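Going by this note's numbering, the first residue of the sequence shown is number 1396, and it counts up by one from there.
Built from N, CA and C at the ideal position, the CB exists for glycine as well.
Treat the numbers as computed from the prediction; the structure is a model and nothing was measured.
For reference, the structure is listed below as C-alpha cells.
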Amino acid sequence: MVWPSFSSTVVLARVHRLTGGRIPLIGIGGIDSAATALAKIEAGATLVQLYTGLIYEGPGLIGRIGAGLAEAMTRERATSLAPLIGRAAAAWADAASWAQRVAEARGTAADWNRAGTLHERGSASDLALAAYEKAVAL
C-alpha cells in the first residue's frame, strides 16, 4: 500500500459523512488483507475493489478477506457488515489530526524497518494498519 491509499480512505470517510451514508461507496487502494478491507469499510465503503493486492496475493486473497470480515462480524455480533460501514469515518475524516496520525505511523514504520522486522513487500500494509489503529484510537 502507498500513502495515496491513506488519502483515498480519508476522502472516502469524508464523502460517507457528507452523504450520511446514503449512497454506496467503493473503497479502493491498498486492499491486500482483511484488515485493510475492514479499514475501508469502517471508513464508509459499502464495496471494496481488489486489484494490486489480488495480483500479489493471488486468488486466495478473496477467501482470506471474506473469512476476516466474517470474523469481524462475529466479534461485533453483527449479522451483516452494515453496522461496520462508516463506524470509523469520523476518525478517518478528521483532517486536523490526520497529518499527526500519518507522521506517527511513519515513525512507527521507520522504527520497525530499523529493527529489521518488516520486509520490503508488506511493509506498506503494516504501515497502513498502524495508521488505521492510531486513527481509530484517537
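Do residue i and residue j have their C-beta atoms within less than 8 Å of each other?
| i | j | result |
| --- | --- | --- |
| G1422 | A1440 | yes |
| K1435 | T1404 | yes |
In angstroms with no decimal places, state the Cα-to-Cα distance between residue i and residue j.
| i | j | result |
| --- | --- | --- |
| I1450 | A1488 | 29 Å |
| Y1446 | L1413 | 27 Å |
| I1418 | V1443 | 14 Å |
| G1455 | L1464 | 14 Å |
| A1486 | A1408 | 8 Å |
| R1482 | G1453 | 29 Å |
| A1438 | H1411 | 8 Å |
| R1472 | V1406 | 28 Å |
| G1415 | R1470 | 25 Å |
| F1401 | L1420 | 16 Å |
| G1448 | L1476 | 21 Å |
Return the chain-ordered list of same chain residues with a C-beta closer than 6 Å to the C-beta of residue i, the five sequence neighbours on each side being excluded.
| i | result |
| --- | --- |
| A1510 | Because the pLDDT at A1510 is just 45, under 50, the model does not fix this residue reliably, and the value given afterwards should be weighed accordingly. So no residue of the chain qualifies. |
| A1484 | A1408, H1411, R1412, A1438, G1439 |
Keeping to the same chain, check which residues put their C-beta closer than 7 Å to that of residue i; ignore five residues upstream and five downstream.
| i | result |
| --- | --- |
| A1467 | L1433, L1479 |
Three or more C-beta pairs under 8 Å: does that hold for the stretch 1456-1468 against the stretch 1425-1440? Cβ pair count under 8 Å is three or more, so yes.
In chain order, what are the residue ranges of uninterrupted alpha helix (DSSP H) at least 4 long that sit wholly in the stretch 1428-1459? You should have 1429-1438, 1447-1452.
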